[in-house]
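Heads up: the structure comes next, in structure tokens.
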Amino acid sequence: MVSLTAPYVSGFLAFREVPFLLELVQQLREKEPGLMPQVLLVDGNGVLHHRGFGVACHLGVLTDLPCVGVAKKLLQVDGLENNALHKEKIRLLQTRGDSFPLLGDSGTVLGMVSGQPSPSLSQALRSHDHSTRPLYVSVGHKMSLEAAVRLTCCCCKFRIPEPVRQADICSREHIRKSLGLPRPPTPRSLTQRPVACPRGDSGESSGEAPSPQRQADRTAPGGCRSTAHCQVG
DNA sequence: GCGACAG
DNA sequence: ATCTTGTCGC
Numbered sequence: 001m002v003s004l005t006a007p008y009v010s011g012f013l014a015f016r017e018v019p020f021l022l023e024l025v026q027q028l029r030e031k032e033p034g035l036m037p038q039v040l041l042v043d044g045n046g047v048l049h050h051r052g053f054g055v056a057c058h059l060g061v062l063t064d065l066p067c068v069g070v071a072k073k074l075l076q077v078d079g080l081e082n083n084a085l086h087k088e089k090i091r092l093l094q095t096r097g098d099s100f101p102l103l104g105d106s107g108t109v110l111g112m113v114s115g116q117p118s119p120s121l122s123q124a125l126r127s128h129d130h131s132t133r134p135l136y137v138s139v140g141h142k143m144s145l146e147a148a149v150r151l152t153c154c155c156c157k158f159r160i161p162e163p164v165r166q167a168d169i170c171s172r173e174h175i176r177k178s179l180g181l182p183r184p185p186t187p188r189s190l191t192q193r194p195v196a197c198p199r200g201d202s203g204e205s206s207g208e209a210p211s212p213q214r215q216a217d218r219t220a221p222g223g224c225r226s227t228a229h230c231q232v233g
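Under the UniProt record's numbering, the first residue of the first sequence is numbered 1, with each subsequent residue one higher.
In structure tokens form, the structure reads like this:
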């Protein structure tokens with residue numbers, strides 16, 4: 001468990017979370033090199049950012065590991081808007097793996113919107129609610145957007161990629177056990193969790209979702225939680 | 001009051 | 001992020 005001090009400010013997520021994620025990767029390098037992931041799925045954006053350098057880029061450069069930015073909401077930058085047209089494109093995504101590029105005013109493809117990862121989920125939501133939300137995938141470091149989208153999609157059992165989802169679940173559980181239920185008077189709890197996946201030769205590559213390996217949770221003023229996950233191809 | 005808002 | 005409301009599926 002760690003304690004964050006920097007507040008969350010849109011556009012500056014990396015300054016709040018990268019220090020701790022980087023430390024975890026470094027600890028893994030020296031203590032469990034065999035568990036070093038080949039790629040990290042980061043809960044946030046890569047080049048889909050105000051300055052073209054989101055948290056996934058930061059972590060990638062500092063760790064020298066391939067990174068993918070996976071956001072749940074569109075960061076409206078470079079002219080990109082979560083407007084009616086955008087929503088219509090999302091609505092047209094029909095099957096698992098369907099996606100469309102996010103082309104900014106600058107002419108740069110900043111990322112891809114990935115459709116319903118789960119067939120069952122998409123069908124259920126489509127029949128009753130068109131609000132099924134996509135994932136916003138962007139390049140973080142050392143990987144093409146196409147590969148990033150494919151990898152992300154392959155990690156999805158449900159909407160959120162399993163490495164990210166498990167880190168989320170585990171960190172919440174950790175906080176629940178150590179701090180108990182959050183109380184209104186006290187600062188909100190915030191967590192952060194990186195997940196590591198073993199390389200193919202380890203017993204884990206049984207074709208299943210990468211299991212969460214490590215997590216670092218931290219509480220801070222204004223708490224929040226973020227995750228960096230790693231996944232093996 | 002309204003729009004924005006990665007986590 | 002967190003919270004609330006509503007709906008469907010298991």
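Beta carbons are placed, not taken as given, at the ideal position from N, Cα and C, and that holds for glycine.
Buried or exposed (CB count within 10 angstroms, at least 16 for buried), residue i
{"i": "Ser10", "result": "exposed"}
{"i": "Asp43", "result": "buried"}
{"i": "Glu208", "result": "Confidence is the limiting factor: at Glu208 the pLDDT is only 30, short of 50, which leaves the residue's position unreliable and the question unanswerable from this model."}
{"i": "Arg165", "result": "buried"}
{"i": "Ala167", "result": "buried"}
{"i": "Ala71", "result": "buried"}
{"i": "Ser178", "result": "exposed"}
C-beta contact flag for residue i and residue j at 7 Å
{"i": "Val68", "j": "Ala148", "result": "yes"}
{"i": "Asn45", "j": "Leu92", "result": "no"}
{"i": "Val25", "j": "His50", "result": "no"}
{"i": "Leu80", "j": "Leu102", "result": "yes"}
{"i": "Ala6", "j": "Phe15", "result": "yes"}
{"i": "Leu41", "j": "Pro161", "result": "yes"}
{"i": "Val55", "j": "Leu4", "result": "no"}
{"i": "Pro163", "j": "Cys155", "result": "yes"}
For residue i, the nearest candidate out of the options (CA to CA)
{"i": "Val2", "options": "Glu17, Tyr8, Leu13, Phe12", "result": "Glu17"}
{"i": "Phe100", "options": "His58, Ile90, Pro33", "result": "Ile90"}
{"i": "Leu145", "options": "Cys170, Lys177, Cys57", "result": "Cys57"}
{"i": "Lys157", "options": "Ser106, Gly107, Gly97", "result": "Gly97"}
{"i": "His86", "options": "Val70, Lys31, Arg133", "result": "Arg133"}
{"i": "Asp64", "options": "Arg165, Lys142, Ile175", "result": "Lys142"}
{"i": "Asn82", "options": "Glu173, Gly104, Lys31", "result": "Gly104"}
{"i": "Thr95", "options": "Lys73, Arg159, Thr108", "result": "Arg159"}
{"i": "Pro108", "options": "Leu62, Gly52, Ser178, Val61", "result": "The amino acid occupying residue 108 in the given sequence is Thr; Pro does not appear at that position. The candidate whose alpha carbon is nearest that of Thr108 is Gly52."}
{"i": "Lys73", "options": "Met112, Lys177, Arg176", "result": "Met112"}
Rounded Cβ spacing between residue i and residue j (contact assumed at less than 8 Å)
{"i": "Thr152", "j": "Val137", "result": "5 Å"}
{"i": "Pro66", "j": "Gln38", "result": "7 Å"}
{"i": "Leu22", "j": "Leu59", "result": "7 Å"}
Distance cut-off 6 Å: residue i Cβ against heavy atoms of the ligand ATP
{"i": "Leu62", "result": "By its list of ligands, the structure shown contains no ligand whatsoever, and the ligand ATP lies outside what it can speak to."}
>> If we require 3 or more residues per run, which beta strand (DSSP E) segments fall completely within the stretch 128-160?
In response: 135-141
> Taking the runs of the beta strand (DSSP E) that are 3 residues or longer, which of them lie wholly in the stretch 18-43?
Replying inline: 39-43
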